[in-house]
Every structure is written in structure tokens, then in C-alpha cells.
Amino acid sequence: MRDEELAFASISALSAGLASEDISSPTALTQFFLERSKRLNADCHAFIEITEQNALRDAERADNMHDTGLLHGIPFASKDLFDVAGVKTTAGSRVLADNTANSDATVIKRLRSAGAVSHGKLNLHEFAYGITGENAVYGTPVNAYDKTRLAGGSSSGSAAAVAFGLVPFTLGTDTGGSIRVPAALSGLVGLKPTFGRISRSGVFPYSWSLDHVGTITRTVADAALILQTIAGEDNDDPDSSNEPVDNYVAALEQSGNLNKLKIGVPRTFFFENADPEILAVTELAIDNLRAHGAQVIDVELPKMEHTRAVSLTVQMPEALSVHSRYLEDRGHLYSRDFRAGIALGQCLLAEHYIRAKRMMTRYRQQINTVFEKVDLLITPTTPTIAPRIGQPRITIGNNDEAIGNAITRYTSFFNMTGHPALTVPSGLHSQGLPMGVQIIGRYYEEAEVLLAGSALEEKFQIPKPSFHERYENVGEFVSAAEK
Amino acid sequence: MDKLNAHTLQALCSQLAAHPWGEEELNELVDPKLGVITGFQELLEELEVLRHVDLEFTAPAQGVQRKRKV
Numbered sequence: 000m001r002d003e004e005l006a007f008a009s010i011s012a013l014s015a016g017l018a019s020e021d022i023s024s025p026t027a028l029t030q031f032f033l034e035r036s037k038r039l040n041a042d043c044h045a046f047i048e049i050t051e052q053n054a055l056r057d058a059e060r061a062d063n064m065h066d067t068g069l070l071h072g073i074p075f076a077s078k079d080l081f082d083v084a085g086v087k088t089t090a091g092s093r094v095l096a097d098n099t100a101n102s103d104a105t106v107i108k109r110l111r112s113a114g115a116v117s118h119g120k121l122n123l124h125e126f127a128y129g130i131t132g133e134n135a136v137y138g139t140p141v142n143a144y145d146k147t148r149l150a151g152g153s154s155s156g157s158a159a160a161v162a163f164g165l166v167p168f169t170l171g172t173d174t175g176g177s178i179r180v181p182a183a184l185s186g187l188v189g190l191k192p193t194f195g196r197i198s199r200s201g202v203f204p205y206s207w208s209l210d211h212v213g214t215i216t217r218t219v220a221d222a223a224l225i226l227q228t229i230a231g232e233d234n235d236d237p238d239s240s241n242e243p244v245d246n247y248v249a250a251l252e253q254s255g256n257l258n259k260l261k262i263g264v265p266r267t268f269f270f271e272n273a274d275p276e277i278l279a280v281t282e283l284a285i286d287n288l289r290a291h292g293a294q295v296i297d298v299e300l301p302k303m304e305h306t307r308a309v310s311l312t313v314q315m316p317e318a319l320s321v322h323s324r325y326l327e328d329r330g331h332l333y334s335r336d337f338r339a340g341i342a343l344g345q346c347l348l349a350e351h352y353i354r355a356k357r358m359m360t361r362y363r364q365q366i367n368t369v370f371e372k373v374d375l376l377i378t379p380t381t382p383t384i385a386p387r388i389g390q391p392r393i394t395i396g397n398n399d400e401a402i403g404n405a406i407t408r409y410t411s412f413f414n415m416t417g418h419p420a421l422t423v424p425s426g427l428h429s430q431g432l433p434m435g436v437q438i439i440g441r442y443y444e445e446a447e448v449l450l451a452g453s454a455l456e457e458k459f460q461i462p463k464p465s466f467h468e469r470y471e472n473v474g475e476f477v478s479a480a481e482k
Numbered sequence: 000m001d002k003l004n005a006h007t008l009q010a011l012c013s014q015l016a017a018h019p020w021g022e023e024e025l026n027e028l029v030d031p032k033l034g035v036i037t038g039f040q041e042l043l044e045e046l047e048v049l050r051h052v053d054l055e056f057t058a059p060a061q062g063v064q065r066k067r068k069v
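So the sequence lines, in the order shown, correspond to chains A and B.
The first sequence runs contiguously to residue 482 in numbering that gives the first Met the number 0.
The second sequence runs contiguously to residue 69 in numbering that gives the first Met the number 0.
As C-alpha cells, this is what we get:
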């Protein structure tokens, strides 16, 4: 494989390359990605820390392993909320700059047991608080398709690392869209599984009621493979589910035949106030699912007008409670926006919080009623393409709103309901930036979500970013933008 | 509901057990400039609307269960 092919290869292609010895060894593969990461990271700010020595040691162990599963020797990296033994978990903040993990998070443990090689810790919006991924301490990850644009957040480094070809897959967390939004803005596949499907043990929390662990990959098949490896009950996480784990990889073998699936289109709210090109390509996606045999009907979801208020009222008191232990001694080390957010958590009343959690139950009941009629829902992932770095507000049609409200508009509801949701690329906008389409399924029916995503992926192949020529001076650009 | 002001929040935080917040973050809640969160006043108004939604005895959300196909 040529270097560019290697950098943008799927896990299955890399695994086949290792099996055929087209790639000589896990160590050779690790060295290739480490060199590339060191070369490009100053420009893209994807990594907070590249753990070179640890990666080479794990790769050498993989060289000597007899097991040749599909993740054997495959590099990956994790959002800097996931504990990796002996490595700092900073959460993108000065508050935890000296916080070294004693052991691996459960998901890291499962990936390393399967032979995957951890290459380091990825950038994020401080403590996963915001959707822009802007980080004054570690730099702001840029979009691989346009250096003046955001990669998206809060799993900004998780998206940028895959989009820039620094690793083939990453782990992230999603509290209101923090995997799906950056994946969509960066032309990648982002999966937020059912609440409780993947353990959160060893992952620094933001909001216990809304946080989900998930993946960013190049392909739907890769998302299925990683989910297969990390899903399942964990005694160390009281919220993890003991629901049996399906065979997601085998489920994709039916790709191309969606005859048994009924797909709902929630046109109210989810198809309003969006970029016309995004709406048009979502209609193409719907047509494509229909062409694969799916039955498509319009559906009505609960009224969405207060969903952001409900989400904030749950998030901010929980985030305050997480950070209570640090505020006294390290309060001055937080960024201004995050301190204001958790101050809001302080000023809400207990009844506000409990009522918001009861509203979440109501939303779940309402959407489960919709899922009695359909198997899946389809929506755009975001109403806009990647915003410019530093842009505080955006106007879409007649609607002027804060960036944070706009780009999570179609995603945050499914954190409250806990349903599995996947974004897949749906094409390139006329401005050269990726667009995404979101598929949502019933609880624990990730297999159906992935199956539909796979059908769309075949239709919407987007070109990989051609950033080499355009990124010569990106370091200077980002510094200027952050000032 | 009266309009919220920073003095109310300062009094709330000083008279009830609370973390020590500075003027900067409490002012951000009544007059947001950073653009990440909705203003607290607007949030309270929405919560006031939600207070009038009859949720009967709906319990707070916890874990989720698989729903069998109907």
C-alpha cells in the first residue's frame, strides 16, 4: 500500500494487509502512524499527547501474539477522558494537568486485549462541555476539509485524528452530539450506541444521565467491529446493561437488503431551518433506503421546543456535582465558559432538575410509541456544515442562533432518550465540506442502525480531504484565529 | 415571575451553601456574552412553562430496557 492509501485505509483493509504481510508487522504499522501524527499534529491539534513509547511497546507485543483477530496490531487513540494506565487524563483542562491514570478504562482494556495499539490521547472541548471543540490550552482541532473551519466537538480530536489519517479509529463520548456532530462535519462515521451498551468505567464524566461512549471510524463495518469488541456488561459501571450483545459484524452481511425495515421521517423540526443542500441530500438518502427495499413513512415526534432547556437542566447540575471536588482548590484553572456553565448548575432548583429528568422519561415514552410503528428514524445529523473557527452565531434561513444550539439541534434529543444513533457521510456540500445523515434505532438494535448506515455508505462515497497543499501555513492560521 | 438579576444570584450563593462564584460567572448567567449557554433568564422562563406540564406520576429517567417489536 502507498502511504496515502495506508493513512486512509479502513480497519479491515489494514488487518488484511497485516495478514498478507503487505504490511510487514504491527510495529511497522505503528511507526507509520506515529510518524504521520508527529508530523501533522502541530497543524491539526488532534492529539494532546502522542504516547509513542507505550504504542511501540504494545505493537511489539502484538508482533509476538499468535492471535490474529481483526484488531490485532491496529492503532487507535482515545478522547482525553479515557483512562490509559500510566498516561495523563487531562480532560483537555489545566485542572487535571497532573492526573495520571492508574489503570485502563474498561473499553481501553477490551481493545488492548484484542490486540489494538493505543497511540495516545485526543483533544476535546474542556471537560467535553462545548460542541465547537475550541480549546485555549491545547489548541483547536481544525477541519481536514477546510483549515478555517471547526472539526466539531466536543470529541474534536477524535474526529480530526481519523480525518487527517493519523489513526484508523478513535473513541469519543457523546452527551448532546459530541461524537455524531464532529464525525458528520469531518466526513466520518460516528456511532453513539444505546445508553448503557458500552461501559463508562474509567471515563471522566460530564453528565451521568446523558453521557454515552462511542466510536469514530471511516466505515460502518469498522464501527460494527469496534462495537462488537467493546460492548457488554461491566461490573465496574452500574449503568452498563446486561442485555446480550448482538453480532453486529454478521448483521452487515445482509447489507443491500432492507426489505424488512420500516423507516420513519420526522419532518417537523428535524427538516426545518437547515441548509437546503443538507435537506436535499437527506432526501436522496431516504430515496436510497427506499430503493434498497425499506418502507418509508412520515412520523411525528414529541414537541421539541423545550428539549434544549431540559437537557441543560440535567447537564449543568450533574457537571457541577462532578467538579465539586476540584472547585475549591483549582477553580481558577477552569476556562471562563465552563465556570459559567457550572455556576448555572448551582443556581437551578432541585425541582427543576427532577422535573427535567421526568421530562426525559416522558420523551422516552413518546418516542418508544413511534418505534412501535417504525424500526428506524432518519434525519440530517446537523443543520449546517462546519462553522468557521471563532464564529459565535450562525444564521440558517431566517434563524439566527448560537453555534452550540444550532449544531446539536438534531442530535441532543437522542441523548435524553438513550436510543442508538449513527451518522454516516451523505456527500460534499458545494463549499467542499462534508454533510451527514443520522439513523436512529430502537434500544439495543444497533445492528439495524448499522445495516441501514451501510446501505447509505455505499451510495455516498466522499473524497478524502486533500489538505497537504492547503495546510502549509495552518499553524499560523490557527494561532491567529485563537487570538 | 420577576426578572432575574445578578444580586439575586449573589445572595442565593452567599446565603445558601454554595461554591464561591465570582461576579464574572454570575454576570454571564444574567447577561450572556460567551455564547455557549442560553441566558439563565430564558432558561427559567422555559422551566416555568414546563412546570405547568402535568407529568402525573412519571418517574425520573434511569436506565433503558429493550423494547420488543410489536
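Glycine included, C-beta positions come from ideal geometry on N, C-alpha and C.
Neighbours of residue 6 of chain B in chain A, taken as residues at a C-beta separation under 7 Å, are lacking, since the least C-beta distance is about 13 Å.
As DSSP reads the structure, residue 400 of chain A sits in a beta bridge with A/393.
Membership of residue 211 of chain A in the beta strand (DSSP E) is indicated by the continuous run 211–216. Look at the segment 78–139 of chain A and you find these whole runs of beta strand (DSSP E), each 3 residues long or longer: 116–121.
Across the structure, residue 216 of chain A and residue 365 of chain A are spaced so that their CA atoms are roughly 31 Å apart.
Taking every protein chain shown into account, the CB of residue 191 of chain A has 16 or more other CB atoms within 10 angstroms, so this residue is buried.
Put simply, the CB of residue 17 of chain B is near chain A, with a gap under 7 Å to one of its CB atoms. DSSP places residue 62 of chain A in the helix class (H, G or I) of the three-state scheme. Residue burial is scored here from C-beta neighbours: residue 56 of chain B has fewer than 16 other C-beta atoms within 10 angstroms and is therefore classed as exposed. For residue 354 of chain A, the chain B residues whose Cβ falls inside 8 Å of its Cβ are 46, 49, 50 and 54, in order along the chain. Between residue 119 of chain A and residue 40 of chain A, the alpha-carbon positions lie close to 12 Å from each other. The residues 5, in chain order, have a CB closer than 7 Å to that of residue 31 of chain A in the same chain once the five nearest residues on each side in sequence are set aside.
By the criterion of at least three beta-carbon pairs nearer than 8 Å, the segment 142–151 of chain A is not in contact with the segment 81–99 of chain A. Cβ-Cβ separation between residue 456 of chain A and residue 219 of chain A: approximately 5 Å, consistent with a contact (criterion under 8 Å).
The beta carbon of residue 452 of chain A sits closer than 6 Å to the beta carbons of 219, 421, 423 and 438 from its chain, once the five residues preceding and following it are set aside; these are given in chain order. With 16 or more neighbouring CB atoms inside 10 Å of its own CB, residue 123 of chain A falls in the buried class.
According to DSSP, residue 75 of chain A shares a beta bridge with A/117.
Judged by DSSP secondary structure, residue 379 of chain A falls within the beta strand (DSSP E) whose first and last residues are 375–379.
In the three-state scheme derived from DSSP, where H, G and I count as helix and E and B as strand, residue 264 of chain A is classed as strand. Collapsing the DSSP output to three states places residue 415 of chain A in a helix. Chain B has no Cβ within less than 7 Å of the Cβ of residue 408 of chain A. DSSP links residue 142 of chain A through a beta bridge to A/145. Against chain A, the beta carbon of residue 29 of chain B has no neighbour under 8 Å; the closest one sits roughly 10 Å away. Within 10 angstroms of the beta-carbon of residue 359 of chain A lie 16 or more other beta-carbons, which makes it buried. Contact annotation for residue 367 of chain A against chain B: 66 [CB-CB distance below 7 Å, chain order]. Contiguous beta strand (DSSP E) elements confined to the segment 150–213 of chain A occur at 168–173 and 188–191, taking only those with 3 or more residues. Beta bridge pairing from DSSP links residue 434 of chain A with A/426.
In this structure, residue 284 of chain A sits away from residue 429 of chain A, with a CB-CB distance that is not shorter than 7 Å.
For the segment 315–361 of chain A, the full-length alpha helix (DSSP H) segments reaching 4 residues or more read 335–346 along the chain. Residue 5 of chain B is positioned such that its CB atom lies closer than 7 Å to that of residue 29 of chain B.
Distance from the Cα of residue 413 of chain A is smallest, within the candidate group A/403, A/380, A/435 and A/427, for A/380. Going by DSSP, residue 295 of chain A is part of the beta strand (DSSP E) stretching over 294–297. Residue burial is scored here from C-beta neighbours: residue 63 of chain B has at least 16 other C-beta atoms within 10 angstroms and is therefore classed as buried. Taking the beta carbon of residue 24 of chain B as reference, the chain A residues within 8 Å of it are 335, 338, 339 and 342, listed in sequence order. Under DSSP, residue 439 of chain A forms a beta bridge with A/376 and A/420. Leaving aside the five residues that flank residue 202 of chain A on each side, the residues in its chain whose CB is nearer than 8 Å to its CB run, in chain order, 80, 81, 82, 104, 106, 172, 210 and 212.
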